[in-house]
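Asker:
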Amino acid sequence: MYLYVNVCIDLSMYIVIPTILFLPYQREFDASLGDFAIEITPIFQDLPNIVGFKTYNSTVSRWGREAAISAERHPHIRFVFLVATNVSELPLGLYDPNFPPQLTDIEICRSNLSSLPDTLGDVWPQGMFLLLEETQLAEVPPVLGALQPYYLSLSANAFSSLPAFVLENPRLRFFKINGNPLTSLPALSAVEPVIPPLILLYVAGTNISDQDSKTVITTAFGHPLPTLDHALEIQGRPVASDTVLFEKQQTFNRAKTLERMVHPAGSGAFGYFEVTKDLTKYCKAKLFSSIGKQTPVFARFSTVTFGREFPDSGRNPRGFAVKYYTEDGNYDIVGLNWPIFFVRDPMKGPDVIRSQQRKPDSFLLNYEATFDFFAANPESLHAGAMFFSDSATPVGWRHMDGFGCHTFKWVNAHGQYVYVKYHYVPEVEKKNFTFEQATLMSGLDPDFAKRDLWEHIDAGKEARWTVHVQLMTEEEAQTCAYDPFDVTKVWSHHDFPLHELGVLVLNRNPENYHRDVEQAAFSPGNLVPGIEPSPDLLLNWRMFFYRDAQYHRLGVNHHQIPVNCPFMAKFFSPQGRDGIGRADANGVGLPTYAAATKTKRQETVSDASWLPVPLAGTLGRNPSSRHEGNDTEYAQVRQFYTTTLDDQARQHLHHNTAQCLRFCSDGVQQAYLLQLEKIDPTYRRGVEASLAKTEPAPTAKGLYDKVVTCASAMQP
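Per full-length UniProt numbering, residue 1 is the first one in the sequence shown, and the count goes up by one each step.
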């Protein structure tokens with residue numbers, strides 16, 4: 001048992017007085033809490049089985065030596081918590097000469113405690129957990145030098161200086177000094193300094209500046225990193241020996257369980273792909289083999305960076321993924337409603353996603369991080385402009401484009417190849433919400449896109465996209481003015497026009513959302529003969545880590561889930577065995593290893609091999625794009641701004657950007673505006689003008705008043 005005191009207890013009568021009054025914590029200490037007084041009487045020494053003692057929102061009116069905690073009387077006690085408790089001096093009952101050595105966790109928080117006795121070091125054990133938070137201590141108690149706690153928190157006091165003995169504690173592993181008006185940490189003694197084995201030093205909310213010091217970024221095992229920008233690669237191919245990239249990506253993949261790390265909020269439908277034009281001279285893939293050929297598909301659409309309950313109409317990229325069930329196995333195209341992505345090097349992949357996720361402290365939308373990332377990474381400005389355009393708030397899934405984003409390689413029956421990009425153009429009108437429309441729809445129906453697709457198909461109608469490709473030869477790739485394998489760049493439609501390939505038709509809703517949509521797993525590594533990767537570094541890395549993320553989320557046997565099963569494959573004889581979720585025959589009667597003499601007929605298909613790729617160069621953490629760092633980072637976004645967008649779309653871009661930029665600090669605002677200046681001075685001036693007309697970042701109270709006023713005006 002442990003003794004828990006909320007407001008009032010009289011131990012002399014062995015009666016705990018129950019109450020339904022739970023006083024809220026006060027940010028400033030409230031003397032009125034003295035109305036709930038606790039007197040610890042000698043009876044306390046007759047409670048030998050307690051393991052802990054807590055008080056909340058109370059006053060300790062007396063706790064003398066006659067009721068002290070002692071090793072003899074309390075052999076099991078482990079902790080004492082005094083929270084929001086009036087106790088200006090440490091009670092005598094808390095430092096008996098026979099103090100229990102096993103009581104190693106004392107926490108005094110939100111208290112008017114103003115001092116600690118110097119003799120405490122003779123009584124309390126060393127190496128304890130000690131929290132003295134939000135107290136009225138005027139300075140760090142000298143007795144802490146004798147106690148040498150293992151975990152020490154002095155958070156939210158009024159300490160303007162910190163004595164060196166605190167940091168020279170040889171036992172100190174965790175130290176929190178946040179929320180104090182400190183300007184610096186003390187220097188360690190020059191004569192035989194004791195360096196603490198600190199694991200965590202928390203100084204947030206202080207005035208300590210790090211401008212004159214630098215932190216060396218390391219791996220989880222302490223190895224210093226040579227760069228945060230580039231993966232180890234050779235001609236667009238990442239290598240398995242890049243332990244830094246593997247650590248970064250694999251820890252990112254495993255940061256959540258069950259819910260997708262990206263694209264968690266979505267919906268989908270079944271249907272088919274039908275070939276409408278003969279492009280077999282470019283590609284031998286069987287799903288494109290003849291006009292009129294139909295291949296079953298499942299398509300999933302989603303927002304990208306927030307949780308499963310994020311509103312469908314919120315500002316975000318949209319996932320556009322299609323799984324083709326072919327006779328050579330499943331072929332997945334995993335793209336977006338934009339033709340590009342924010343970064344080209346996989347080393348920055350987790351960073352761009354985290355920059356668009358919620359704040360780790362308040363869990364609010366983190367506009368500061370989003371704009372800061374864009375400002376620091378010019379390659380992201382192209383997708384960033386799309387992010388703040390109306391294309392980031394499409395009217396559901398049916399009215400938006402789809403793109404494969406990456407460059408792939410098509411190989412024909414003669415071993416000749418071209419590079420290819422995929423485009424899905426909706427057969428209905430392309431429509432986007434304005435900023436205000438998207439905001440309103442997010443509140444009226446957070447599931448609008450899911451509902452629109454479901455109701456459309458449920459009414460017997462079809463959702464349709466015409467599928468086009470752009471094609472580029474190796475010679476054209478070598479002489480292209482931009483890097484055709486850079487996923488932050490588009491291919492010119494003038495130089496590389498669209499060729500119609502077929503039509504994507506969705507006509508059947510899922511029968512069960514969890515089975516068919518939530519457990520659907522797409523990977524750019526699911527390729528079929530005739531389709532191969534290009535030297536796109538991010539593509540080659542995604543081919544690994546998407547599968548790795550699915551192993552973590554769904555298990556190594558997720559291919560047995562119906563929506564992922566290659567049910568159209570002519571042959572199906574995987575070499576894997578066992579694992580969680582194995583539901584088939586598990587290879588019964590067959591050897592568990594390859595090249596066995598006992599095997600009846602195990603054949604391979606030489607035609608399934610990828611074309612040999614000659615590699616030459618230096619393995620290193622090199623820029624994956626030959627244009628990295630020069631003006632081509634701005635050229636395409638400049639064209640998008642000046643040519644692709646019309647006057648109204650540019651005005652909406654300025655307005656949308658300002659509505660989000662107002663939440664940022666002046667420093668981040670200026671850094672982002674400087675990048676807009678490099679794109680086009682008109683771009684910067686337009687955003688600045690919109691920002692000047694935009695209200696400051698609203699408070700919760702301001703938003704409440706505004707909503708009440710608007711709602712009243714809408715009522716009949």
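Idealized CB from N, CA, C, for every residue including glycine. As the structure is a computational prediction, the values presented were derived from the model and not from experiment.
Measure the C-alpha to C-alpha separation of Arg662 and His652 and round it to an integer number of angstroms.
Answerer: 16 Å
Asker: Do Pro510 and Ala449 have their CB atoms nearer than 9 Å?
Answerer: no
Asker: Could you pull the start and end residues of the beta strand (DSSP E) that Met472 belongs to?
Answerer: 463-472
Asker: For Asp680, which residues in the same chain have their Cβ closer than 8 Å to its Cβ, ignoring the five residues on either side in sequence?
Answerer: Arg638, Tyr641, Thr642
Asker: For the stretch 105-113 against the stretch 75-89, are there 3 or more C-beta pairs whose distance is under 8 Å?
Answerer: yes
Asker: If distances are taken between C-alpha atoms only, which option among Arg508, His514, Met472, Gly415 comes closest to His494?
Answerer: Met472
Asker: Thinking just about the alpha-carbon of each residue, which of Pro350, Thr55, Arg62 is nearest to the one in Thr41?
Answerer: Checked all of Pro350, Thr55, Arg62; the closest Cα to Thr41 is Arg62.
Asker: Please specify which runs of the alpha helix (DSSP H), each continuous and at least 4 residues long, are wholly inside the stretch 342-376, giving them in chain order.
Answerer: 349-355, 367-376
Asker: Mind listing, in chain order, the continuous beta strand (DSSP E) runs of no fewer than 3 residues lying wholly within the stretch 145-185?
Answerer: 151-153, 174-176
Asker: Quick one: which unbroken alpha helix (DSSP H) runs of 4-plus residues sit fully inside the stretch 250-331? Chain order, please.
Answerer: none
Asker: To which residues of the same chain is His382 closer than 7 Å at the C-beta, ignoring the five residues directly before and after it?
Answerer: Ile340, Thr488, Gln636, Val637, Phe640
Asker: Out of Ser241, Asn157, Arg171, which one is the CA nearest neighbour of Gly145?
Answerer: Nearest of Ser241, Asn157, Arg171 to Gly145, Cα basis: Arg171.
Asker: If contact is defined by three or more beta carbon pairs under 8 Å, each pair taking one atom from either stretch, is the stretch 278-291 in contact with the stretch 436-450?
Answerer: no
Asker: Can Pro311 and Gly443 be called in contact, C-beta distance under 9 Å?
Answerer: yes
Asker: If you check the beta carbons only, do Leu131 and Phe159 fall under 9 Å apart?
Answerer: no
Asker: May I have the straight-line CA-CA distance separating Gln102 from Phe174, to the nearest angstrom?
Answerer: 20 Å
Asker: Compare the C-alpha of Leu440 against each of Gly686, Leu673, Pro117, Gly314 and name the closest.
Answerer: Gly314
Asker: For Gly402 versus Val322, is the C-beta distance shorter than 9 Å?
Answerer: Yes.
Asker: Mind checking which residues open and close the beta strand (DSSP E) that includes Pro533?
Answerer: 531-533
Asker: Since Glu628 is in the alpha helix (DSSP H), which residue starts that stretch and which ends it?
Answerer: Glu628 -> no alpha helix (DSSP H), and no H or E assigned at all.
Asker: Since Ala299 and Leu501 should fall inside the 8 Å C-beta cutoff, what is the C-beta to C-beta distance between them, to a whole number of angstroms?
Answerer: Not a contact, Cβ separation roughly 16 Å.
Asker: Are the Cβ atoms of Phe373 and Gln357 separated by less than 9 Å?
Answerer: no
Asker: Measure the C-alpha to C-alpha separation of Ile234 and Arg398 and round it to an integer number of angstroms.
Answerer: Going from the Cα of Ile234 to the Cα of Arg398 covers about 40 Å.
Asker: Restricting to Cα atoms, I'd like to know which of Val469, Phe567, Lys701, Pro426 is closest to His499.
Answerer: Val469
Asker: Using the three-state DSSP reduction, which class does Asp212 fall into: helix, strand or coil?
Answerer: Summary for Asp212: the model assigns pLDDT 49, below 50, so the residue's position carries little reliability, and this model does not support an answer.
Asker: Distance, Cα to Cα, Leu527 vs Pro533?
Answerer: 8 Å
Asker: By how many angstroms is the C-alpha of Ser241 removed from the C-alpha of Gly404?
Answerer: Approximately 28 Å, taken between the alpha carbons.
Asker: To the nearest angstrom, how far is the alpha carbon of Gln669 from that of Thr657?
Answerer: 11 Å
Asker: DSSP state of Trp541, grouped into three classes?
Answerer: Reduced to three states, the DSSP call for Trp541 is helix.
Asker: Can you give me the start and stop residues for the beta strand (DSSP E) that His423 sits inside?
Answerer: Where His423 is concerned, the enclosing beta strand (DSSP E) stretches over 417-426.
Asker: Taking 8 Å as the threshold, find out whether the stretch 282-297 comes into contact with the stretch 429-436 through three or more Cβ pairs.
Answerer: no
Asker: Out of His456, Asp705, Ala231, Glu134, which one is the CA nearest neighbour of Gly349?
Answerer: Ala231
Asker: State yes or no: is the C-beta of His627 nearer than 8 Å to some heavy atom of the ligand ZN?
Answerer: With respect to the ligand ZN, the structure offers nothing, as it holds no ligand at all.
Asker: In terms of residue numbering, what span does the beta strand (DSSP E) encompassing His499 cover?
Answerer: 499-508
Asker: Would Pro97 pass as a contact of Asp118 if the rule is Cβ separation under 9 Å?
Answerer: In this structure, Pro97 sits away from Asp118, with a CB-CB distance that is not shorter than 9 Å.
Asker: Taking only three categories from DSSP, how would you classify Trp410?
Answerer: strand
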